[in-house]
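A short write-up of the structure that comes next.
In UniProt numbering, the protein residues as written are 1 to 477.
In structure tokens:
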């Protein structure tokens, strides 16, 4: 079997009608193996039909030529047009990873693209090359990425769960929307907090003279990775504890955060409080904007290191969403890569590890978490109870049911007259009619079309779940 040196392969690529992107030694070696396969298979495939030969050659990872390449030396390098492959197919043979199932799928697509342009385009245009890149980059890899998920995205190492921090602080600078003045129920803690704060700066103010309409007592919460080091920043959530009407325009005063009441502070939170814009007051169905809770991006900063577990010492992987099927697939993937009995399923939420001693356990665990599996997906419908946003899989449908909630009546099937199109609404205000088998997205769109308030949308889907018309878990946030 003749082996082509890299110099000849590079020359062949330079002479190609399509100039491939920058190649690596691995790419040249792959093309060399394809050319060598030709020497062994050319005779047995020469009499095959042209169309079948072209597709099978590419799909099986072989290269077929009509005649032996003449003068394959440094002075007369082989040209890709001598091969029984179009420039598109030659490019694909180098670019496509050596995975049989993926290669077959992409090869057939590229072959079809080549057939459609080879007779009319001598030198492929940029748009034609873009079409091949689209087929390679969007079709084939997406087939893997859409279903396969890395183990690190499905699990956390034992001991790596985030640490919750909490603190009590003050939001200042409010435009008269803070906690009420002294003497009115609900303001006592705010007044006392301001007095204590001023006392730290050697300022004594009698509590009875304070007015706190520009100040609000708030609770600050956060979740921090145990591996975040001193100086690292993280998001915090700020919520009013008193009777303040809004935190809009305020500033969170420097607030210490602790892991438990009375414990030492690990971090400080501070920053301007930005509240999202209010809903249109003319739309009576729009969910009102909550102005007493605010998310402060990067508003917290770690001052001292948290108690940090040993990443390399982790002996179990904990599933973020316990499922025995997914746990079994994770264990099978690890055992397939590292050997039997490396991973065992303890329960639906944990996979025990017995990693081989390689001297670098952290690196081994990192490689394990980079393995990909195809998890068992749980049918889940997520609804935002504030704005009515509905997130669901594209194939999630509803069955026959009738739900009446507030001023809205949703009828799925069981109706007289001609069946409406999926998502079609009747002329009666608040009356929504759809056919059985309609997707959840279309039902949500129909409910939004009649201006159903967000809480009612959530209640309707929960009712559908209760009566068995929706086979999915419903989560309202």
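Think of the CB as a built atom: it goes at the ideal place given N, C-alpha and C, for glycine as much as any other residue.
Around the beta carbon of residue 404, a 10 Å sphere encloses fewer than 16 other beta carbons of the protein chains shown; the residue is thus reported as exposed. Contact annotation: residue 401 and residue 445 have beta-carbon atoms that are not nearer than 8 Å.
Across the structure, residue 260 and residue 163 are spaced so that their CA atoms are roughly 10 Å apart. Here DSSP, grouped into helix, strand and coil, assigns residue 306 to coil. Residue state for residue 234 is assigned as strand, using DSSP reduced to three classes. Distance between residue 154 and residue 398, taken at the CA atoms: about 28 Å. Counting only residues of its own chain and dropping the five nearest sequence neighbours on each side, residue 246 has a CB closer than 6 Å to the CB of 177, 291.
The shortest C-alpha to C-alpha distance from residue 323 to any of 294, 374, 204, 366 is the one to 374. Secondary-structure assignment with DSSP links residue 433 through a beta bridge to 411. The Cβ neighbour count for residue 359, taken over all protein chains shown within 10 Å, is under 16; the residue is labelled exposed. Residue 270: not part of any alpha helix (DSSP H); member of the beta strand (DSSP E) spanning 265-272, first to last residue. Residue burial is scored here from C-beta neighbours: residue 343 has at least 16 other C-beta atoms within 10 angstroms and is therefore classed as buried. Contact between residue 220 and residue 236 holds, since their C-beta atoms are separated by about 5 Å, short of 8 Å. By the Cβ-count criterion, residue 338 is buried, with 16 or more other Cβ atoms from all chains shown falling within 10 Å of its own Cβ. Residue 385 is positioned such that its CB atom lies closer than 8 Å to that of residue 476. For residue 456, the enclosing alpha helix (DSSP H) covers residues 454-466. Straight through space, the alpha carbons of residue 408 and residue 432 are spaced by roughly 7 Å. For residue 347, the enclosing beta strand (DSSP E) covers residues 343-347. Per DSSP, residue 151 is one residue of the alpha helix (DSSP H) stretching across 151-154. By the neighbour-count criterion, in which 16 or more other beta carbons inside 10 Å mark a residue as buried, residue 201 falls on the exposed side. The Cβ atoms of residue 306 and residue 226 lie closer than 8 Å to each other. Judged by DSSP in its simplified three-state form, residue 445 adopts helix. In its chain, beyond the 5 residues on either side, 175 have a beta carbon closer than 6 Å to the beta carbon of residue 249.
Of 230, 452, 157, 255, the smallest CA-CA separation from residue 315 is found for 157. Counted as a single uninterrupted DSSP element, the beta strand (DSSP E) harbouring residue 476 occupies residues 473-476. Non-local beta-carbon contacts of residue 251 in its own chain, meaning distances under 6 Å to residues more than five positions away in sequence, involve 172, 173, 272 in chain order.
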